[in-house]
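Protein chains in written order, with my numbering: chain D, 1 to 402; chain X, 1 to 469; chain U, 1 to 310.
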Amino acid sequence: MTATPRPLRTRPARTVALRPMAALVAGFALVGAALTACGGDSDDGGKKEYLIGFQGPLSGDSQQLGINAYNGVLTAVEQLNGDKSLPFTLRIVASDDQGLPEQGPTAAQKLIDNPKLMAVVGPVFSGPTKSSEPLYSQAGLLSVSPSATNPALTDLGFTSFYRVIAPDTVQGAAAAEFLAKVVKAKRVYSLDDRSEYGTGLSGAIERGLEQADVPFTHDGINPTKDYTSQATKIMADGADAVYYSGYYPEYALLTKALRGKGYDGAILSGDGSNDDQFIRQAGTANAEGALITCPCSDANTDPSAAAFVAEYKKVNSGLKPGTYSGEAYDATNAIASVLRKLGTDANRESVRTAFGSVDMPGVTKRIKFERNGDVQGSTVYVYQVKDGQRTVLGPVSSLIKP
Amino acid sequence: MSGRLRSLRTAGLLAALAAVMTGPTGDADHPLAGIRGSLAFPRVLFFAAAALVLWAALLGRDRLRAQARTLRGTALGRLAGPAGAGAGNGNGNGNGAGAATRPGATWLSGRRGAVLGHAALLAVALAVPPVLPTAAQQALVSEIGIYALLALGLNVVVGYAGLLDLGYIAFFAIGAYTTAYLTSADAMPWHAPWQLNPFFVLPIALLVAAVAGVVLGGPTLRLRGDYLAIVTLGFGEIVQLLANNADGVTGGPRGVFGLPPLSVELPGVRYSWGLDPLPYYYLLIALIVLVMVVFGRWERSRTGRAWTAIRQDEVAAEATGVATMRMKLLAFAVGASVSGFAGVVVATKQFFNPQSFGLQASLLVLTIVIFGGMGSRLGVVLGALVLQGTAFLLRDTVPPADRFIYFGAVVVLMMIFRPEGLLPPRAHRPRGSGPSRDRSVESVESVDSDGAAGTSRGVADQASPGVVS
Amino acid sequence: MGSAEQISQLAVDGLMVGALYAVIALGYTLVYGVLQLINFAHSEVFMLGAFGGLFACRALVPGDGATPAGLAAAGLVLVGLVAGAAAGGAAAYTLERCAYRPLRRRGAPRLAYLISAIGASLFAFNLAGKEFGRQSVPVPDLFANRTVVTVLGAEISTQSLVIAATALLMLLAVDHLVADTRLGLSIRAVAQDAECAGLMGVDVQRVIVVTFVLGGLLAGAGGFLYAMTFNASYTMGFVPGIKAFTAAVLGGIGNVRGAVLGGLLLGLVESFGGYLFDASYKNVIAFTVLVGVLLVRPSGLLGTRLGRPA
Chain D
1 MTATPRPLRT RPARTVALRP MAALVAGFAL VGAALTACGG DSDDGGKKEY LIGFQGPLSG
61 DSQQLGINAY NGVLTAVEQL NGDKSLPFTL RIVASDDQGL PEQGPTAAQK LIDNPKLMAV
121 VGPVFSGPTK SSEPLYSQAG LLSVSPSATN PALTDLGFTS FYRVIAPDTV QGAAAAEFLA
181 KVVKAKRVYS LDDRSEYGTG LSGAIERGLE QADVPFTHDG INPTKDYTSQ ATKIMADGAD
241 AVYYSGYYPE YALLTKALRG KGYDGAILSG DGSNDDQFIR QAGTANAEGA LITCPCSDAN
301 TDPSAAAFVA EYKKVNSGLK PGTYSGEAYD ATNAIASVLR KLGTDANRES VRTAFGSVDM
361 PGVTKRIKFE RNGDVQGSTV YVYQVKDGQR TVLGPVSSLI KP
Chain X
1 MSGRLRSLRT AGLLAALAAV MTGPTGDADH PLAGIRGSLA FPRVLFFAAA ALVLWAALLG
61 RDRLRAQART LRGTALGRLA GPAGAGAGNG NGNGNGAGAA TRPGATWLSG RRGAVLGHAA
121 LLAVALAVPP VLPTAAQQAL VSEIGIYALL ALGLNVVVGY AGLLDLGYIA FFAIGAYTTA
181 YLTSADAMPW HAPWQLNPFF VLPIALLVAA VAGVVLGGPT LRLRGDYLAI VTLGFGEIVQ
241 LLANNADGVT GGPRGVFGLP PLSVELPGVR YSWGLDPLPY YYLLIALIVL VMVVFGRWER
301 SRTGRAWTAI RQDEVAAEAT GVATMRMKLL AFAVGASVSG FAGVVVATKQ FFNPQSFGLQ
361 ASLLVLTIVI FGGMGSRLGV VLGALVLQGT AFLLRDTVPP ADRFIYFGAV VVLMMIFRPE
421 GLLPPRAHRP RGSGPSRDRS VESVESVDSD GAAGTSRGVA DQASPGVVS
Chain U
1 MGSAEQISQL AVDGLMVGAL YAVIALGYTL VYGVLQLINF AHSEVFMLGA FGGLFACRAL
61 VPGDGATPAG LAAAGLVLVG LVAGAAAGGA AAYTLERCAY RPLRRRGAPR LAYLISAIGA
121 SLFAFNLAGK EFGRQSVPVP DLFANRTVVT VLGAEISTQS LVIAATALLM LLAVDHLVAD
181 TRLGLSIRAV AQDAECAGLM GVDVQRVIVV TFVLGGLLAG AGGFLYAMTF NASYTMGFVP
241 GIKAFTAAVL GGIGNVRGAV LGGLLLGLVE SFGGYLFDAS YKNVIAFTVL VGVLLVRPSG
301 LLGTRLGRPA
């Protein structure tokens with residue numbers, strides 16, 4: 001990560017009675033950290049500065065997804081700060097929740113406590129969303145999640161919650177339709193990763209399959225590395241399509257295990273796997289032909305989003321956008337569009353009230369919200385790995401036409 | 001290698017480590033980029049200077065130590081035995097183990113002094129939080145207070161009875177899910193036919209967690225040492241997986257949302273805990289003080305002594321008529337019961353899901369117990385404050401992705417410099433300076449490659465029975 | 001239950017993972033035997049070994065693409081194994097030097113080691129994440145991912161065969177080393193009675209270091225083998241670490257052959273358990289089996305004595 005948020009507020013720490021040497025080492029480390037933090041601090045003076053919060057997993061097991069989203073926010077902010085016509089500059093304040101619900105309230109409060117902060121991109125995961133949103137709602141601080149797909153989130157009475165990603169139900173229904181009508185699967189093996197995201201998606205798909213009269217087997221497996229015996233189990237089931245509801249590192253290993261066993265049915269996954277890392281981690285040969293559904297247009301191949309990809313690579317030292325980077329970029333730009341309208345005297349309340357009427361083109365979809373905070377009418381696209389490249393087949397609705 | 005060169009090497013390595021910890025990141029395609037960047041030109045000067053400062057500090061410390069050793073040599077002359085030097089060494093500046101037992105060494109040594117000291121601490125604990133930022137208050141509740149309560153419970157199992165429990169968080173989960181079952185009709189698919197005020201759930205959760213402790217302990221407490229550790233670890237995993245898999249009962253990975261908050265409804269008094277962290281904080285303080293007082297009485301009772309006997313030598317304890325099995329079960333039940341309290345507070349305060357109850361959380365509670373001072377009530381509470389407080393402060397001082405690098409380093413350094421924890425209990429400190437006979441406190445191995453003795457000082461009685469069989 | 005082919009297929013799957021668990025479990029068991037210490041940071045030694053092997057391999061196979069021919073592939077596996085073992089051994093040495101020896105010198109309580117190990121583990125894997133990135137990284141494909149041998153209806157790929165054979169060789173070598181060599185004798189002597197061994201002229205400090213390094217070599221090489229199929233990532237150590245620890249206890253911690261037996265058994269239990277029940281209950285089944293075994297045999301299947309089956 002290139003930018004380190006400056007401390008919000010520093011209070012005298014309780015000093016631990018460590019011995020001199022330990023204290024010295026800790027001191028060096030902190031000074032060093034401070035040196036790093038002070039790296040890129042050039043500001044064209046005079047402009048008003050607004051802070052934008054980011055809440056997501058930046059440490060712990062799920063941190064890569066948090067980092068993807070953070071880099072998306074960073075890209076948008078850098079780009080906006082380069083825009084001389086804006087009457088303000090933006091700065092990110094990141095708050096780490098490790099993707100865990102019990103860390104949510106503290107992470108959220110950290111952002112709420114900062115009076116210059118106008119809105120938050122996040123939380124990234126559904127679990128922390130549920131534990132943090134009551135606080136955001138109470139504080140009247142707008143929060144826009146790039147990635148929390150649990151359908152119930154918009155029905156829990158949170159007054160300042162929006163998301164730029166479609167709930168699982170939208171993708172699940174489309175994926176089921178695709179399985180039934182395009183893949184023409186006779187039997188589907190629906191496997192989820194037992195996470196909130198995975199079970200939500202697999203549940204939605206299975207409801208869709210039931211309606212389409214496609215028989216299926218449900219199974220769940222907590223994220224692991226070893227999918228060899230799972231692959232044996234899938235082969236024995238006789239399903240001619242596997243849909244994995246989970247994230248790309250596991251989808252890659254599952255695909256690798258299935259192809260290793262000679263499985264020749266269709267292998268699919270959802271938006272959590274829509275990342276070029278999937279191809280790399282599964283191996284090009286294994287990933288070939290694998291399908292991915294996503295309620296997002298692809299930033300890497302969509303010409304209109306080429307500018308985003310270029311900017312992202314520039315800001316993040318050559319990295320390509322990953323899962324949820326585009327959504328986070330869109331969320332940030334949506335917030336910025338409101339700030340632009342409000343000018344230099346925006347406050348939390350005015351940002352929150354104005355956000356509901358945002359209507360702008362984004363790199364993943366058109367950003368326009370329902371009353372409950374869900375993004376309007378998402379199209380679900382299907383991607384396929386062809387010659388080692390993730391390519392768009394098109395929206396499900398156009399693929400199912402004969 | 002001479003001592004000076006060795007110190008220089010240590011200083012150099014530590015500075016290089018600090019440079020890498022604070023330096024740029026690399027990735028799999030450029031695995032050395034981070035390290036190279038960390039030791040690049042302008043930075044490296046700073047860290048080289050740091051190394052030199054550290055070296056000077058190390059040399060100065062060695063000199064001071066040598067002086068102290070000569071002084072102590074005369075002071076300790078009357079206390080025979082090589083272990084005295086070892087214990088003093090372990091405490092470096094010599095105010096840890098030795099000082100507290102020296103008569104009249106501190107004004108806090110008397111009973112009245114202890115009471116005053118505790119009262120002062122409590123006053124600080126009550127007075128300070130309102131002036132902190134709300135985020136710090138949140139951390140005081142959900143990261144420090146809850147974990148202090150959990151650590152107090154685990155302390156009974158690990159600190160008093162000397163049983164290593166790696167699945168302690170399971171009881172916390174059981175407390176939280178019991179609360180959900182009893183207080184809400186829609187938060188979880190499975191619920192009680194009637195709904196209770198969460199306050200009435202406190203004693204129930206306590207009881208349920210205690211029963212769970214007995215259920216786990218019954219068959220497994222026959223196992224010794226590290227076999228018990230792995231079985232409790234397994235129990236913790238099983239509880240978490242069951243909570244996550246039983247969608248129809250617990251809601252599975254969706255978790256439990258929307259429990260009614262704690263509330264008091266007495267004639268004339270009506271109060272409900274909402275989103276504000278402070279009321280929860282004071283509730284937790286009340287619970288912590290209650291638990292500390294009760295455990296303090298317990299500690300000094302017959303039961304407490306029985307636990308100490310078991311911890312020090314189970315066979316001897318059994319031989320002298322301690323009902324070891326029953327006492328161990330009691331320790332499990334008592335330890336578990338406290339986490340029931342913690343479960344109620346967490347469940348009513350905020351959303352939770354099975355992710356909160358993983359092995360990492362169990363290890364964190366154990367770390368707090370040892371970090372604070374196993375067997376010491378105040379120690380483990382302090383451990384929660386310092387360790388979790390460190391994690392909280394690191395939020396603002398280091399890049400978030402690197403937070404746990406620093407956290408891990410703090411834990412290791414702490415164990416190196418104060419292996420008995422921040423505030424070890426008095427009973428564990430060796431009387432005079434003789435070697436402790438306490439099994440859980442005793443060293444694994446006291447081989448000193450370049451110490452004065454130069455040879456193995458041996459392993460006293462081994463904690464784990466199997467290996468020497 | 002499925003057909004005979006499926007049964008043997010599941011057995012093969014289970015044994016392959018089990019062999020890897022066994023290789024890691026040996027590190028736990030050796031250190032435990034000598035120090036009565038659960039080396040919780042062993043999982044990070046495994047992870048660093050995987051990265052060591054991986055980077056060495058990638059340095060030699062620049063681009064993704066064609067799989068190298070037979071002999072070259074074997075050479076690369078060897079390079080990866082050696083580099084992985086070296087990285088693992090170095091990591092284990094550093095760990096002993098920085099996180100354990102200072103404690104030993106100060107006569108720290110037993111549990112302080114456990115906590116120091118947890119701290120070291122947090123430090124190591126997060127630092128690895130910082131330096132090597134947080135994405136999983138595949139080892140370059142050394143073998144085409146296809147079936148070569150069929151045993152009783154079970155299909156085994158070259159890669160699995162190589163992994164299983166290497167693991168087996170390492171297990172045999174360690175067993176021989178502990179049972180029949182002078183070094184093994186001193187390891188066993190320290191395991192039985194460190195004080196006495198010291199008095200009899202065994203350099204206890206050296207034996208401890210050697211044991212750590214030996215465990216590290218194994219875990220490092222095992223890490224590379226693991227990464228060949230399952231990719232390497234900074235968090236990869238935790239779960240196999242816990243599994244291997246379980247395997248070591250299952251077989252009788254401190255017992256070399258017990259660790260091997262425990263590892264293989266655990267692999268089989270997981271494979272069949274995941275097949276027969278919902279796969280998410282895999283670990284529940286594994287731990288239930290563990291508890292069951294320990295209730296019947298409180299010191300594991302083969303008892304706790306290092307190097308000598310009971």
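The beta carbon of each residue, even a glycine, is placed where N, CA and C say it ideally should be.
Top-ranked residue by Cα proximity to residue i, from the options
{"i": "isoleucine 279 of chain D", "options": "D/Tyr247, D/Ala69, D/Asp264, D/Ser297", "result": "D/Tyr247"}
{"i": "leucine 311 of chain U", "options": "U/Gly267, U/Ala286, U/Phe224, U/Tyr93", "result": "In the structure as shown, chain U starts at 1 and stops at 310, and residue 311 of chain U therefore has no counterpart that could be examined."}
{"i": "valine 31 of chain U", "options": "U/Val207, U/Ser121, U/Thr94", "result": "U/Val207"}
C-alpha gap between residue i and residue j, whole angstroms
{"i": "glutamate 314 of chain X", "j": "threonine 324 of chain X", "result": "7 Å"}
{"i": "proline 425 of chain X", "j": "cysteine 296 of chain D", "result": "59 Å"}
{"i": "arginine 4 of chain X", "j": "threonine 10 of chain X", "result": "10 Å"}
{"i": "threonine 101 of chain X", "j": "glycine 358 of chain X", "result": "Confidence in threonine 101 of chain X is poor, its pLDDT being 42 and thus under 50, which makes the residue's placement unreliable; the coordinate value appears in the next sentence. Approximately 40 Å between the Cα atoms of the pair."}
{"i": "aspartate 396 of chain X", "j": "threonine 89 of chain D", "result": "22 Å"}
{"i": "glycine 122 of chain D", "j": "arginine 305 of chain X", "result": "52 Å"}
{"i": "arginine 207 of chain D", "j": "threonine 211 of chain U", "result": "56 Å"}
{"i": "proline 138 of chain U", "j": "alanine 232 of chain U", "result": "6 Å"}
{"i": "glycine 96 of chain X", "j": "glycine 383 of chain X", "result": "For glycine 96 of chain X, the predicted structure reports a pLDDT of 38, less than 50, and the residue's modelled location is therefore unreliable. A value from the coordinates is still provided. The alpha-carbon atoms of glycine 96 of chain X and glycine 383 of chain X are separated by roughly 16 Å."}
{"i": "valine 144 of chain D", "j": "phenylalanine 161 of chain D", "result": "6 Å"}
{"i": "isoleucine 292 of chain D", "j": "proline 395 of chain D", "result": "12 Å"}
{"i": "glycine 373 of chain D", "j": "glycine 262 of chain U", "result": "53 Å"}
{"i": "phenylalanine 47 of chain X", "j": "serine 38 of chain X", "result": "10 Å"}
{"i": "asparagine 89 of chain X", "j": "threonine 224 of chain D", "result": "No answer about asparagine 89 of chain X holds up, because its pLDDT of 41 lies below 50 and its placement is not dependable."}
{"i": "alanine 72 of chain U", "j": "alanine 59 of chain U", "result": "14 Å"}
{"i": "glycine 153 of chain U", "j": "glutamate 5 of chain U", "result": "5 Å"}
Under the three-state DSSP convention, the category residue i falls into
{"i": "aspartate 155 of chain D", "result": "helix"}
{"i": "tyrosine 136 of chain D", "result": "helix"}
{"i": "methionine 360 of chain D", "result": "strand"}
{"i": "threonine 348 of chain X", "result": "helix"}
{"i": "serine 440 of chain X", "result": "Note that serine 440 of chain X scores a pLDDT of 45, beneath 50, so its modelled location is shaky and nothing firm can be said."}
{"i": "valine 340 of chain X", "result": "According to the sequence as given, residue 340 of chain X is glycine; it is not valine. Correct three-state label for glycine 340 of chain X: helix."}
{"i": "tyrosine 383 of chain D", "result": "strand"}
{"i": "glycine 192 of chain X", "result": "Strictly speaking, residue 192 of chain X in this sequence is alanine, with glycine absent from that position. Coil, per DSSP."}
{"i": "aspartate 168 of chain D", "result": "helix"}
{"i": "alanine 227 of chain U", "result": "helix"}
{"i": "glycine 375 of chain X", "result": "coil"}
Contact belief for residue i with residue j at Cβ below 8 Å, rounded distance in angstroms
{"i": "serine 190 of chain D", "j": "threonine 149 of chain D", "result": "Not quite, the Cβ-Cβ distance comes to about 17 Å (not below 8 Å), so this is no contact."}
Neighbourhood of residue i by C-beta, 7 Å cutoff - its chain only, sequence neighbours within 5 removed
{"i": "alanine 94 of chain D", "result": "Pro5, Phe54, Leu58, Tyr70"}
{"i": "asparagine 244 of chain X", "result": "Gly252, Pro253, Pro354"}
{"i": "leucine 394 of chain X", "result": "Arg403, Tyr406, Phe407"}
Beta-carbon contacts of residue i that lie in its chain and below 8 Å, excluding the five residues immediately before and after
{"i": "arginine 257 of chain U", "result": "Asp175, Gly251, Leu302, Pro309"}
{"i": "lysine 282 of chain U", "result": "Glu270, Gly273, Gly274"}
{"i": "leucine 385 of chain X", "result": "Ile144, Ala148"}
{"i": "glutamine 109 of chain D", "result": "Leu135"}
Neighbourhood of residue i by C-beta distance below 6 Å, restricted to the same chain and skipping five residues each side
{"i": "valine 141 of chain X", "result": "Pro277, Tyr280, Tyr281"}
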